[in-house]
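Read the sequence shown against our numbering and you will find it ends at 176, with the numbers running on by one and no gaps. We put the CB at the ideal spot given by N, CA and C, even for glycine. Following: one structure in structure tokens, then a few remarks.
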Amino acid sequence: HALAGDLAAERLGPWGMTAHDILNHLPKAFLKHWHANNPDESPLGDANNKSTSERAGKTVMMEASGER
């Protein structure tokens with residue numbers, strides 16, 4: 109969450125920043141961290157591989173519904 113705070117502060121300035129502002133920057137922080145450590149990969153795998161995308165989507169849906 110520190111990186112999300114840094115990204116929010118860069119965009120919004122450090123004064124009056126809220127937790128919601130940091131929350132809104134978490135996806136960008138995740139992707140920035142991911143690409144720094146995995147420069148040749150996508151966080152969802154091969155975008156052209158439909159089965160990989162479908163598995164990623166199913167995992168997200170299962171986690172959102174509480175299933176495992």
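The beta carbon of W142 sits closer than 7 Å to those of P151, all from its chain and outside the five residues before and after it, given in chain order. Between A137 and A117, the C-beta spacing is not below 8 Å. According to the DSSP assignment, L111 belongs to the alpha helix (DSSP H) that extends over 110-120. For D129, the enclosing alpha helix (DSSP H) covers residues 127-132. Spanning the alpha carbons of G124 and I130 requires a straight line of approximately 12 Å. At the C-beta level, H128 and L115 stay beyond 8 Å of one another.
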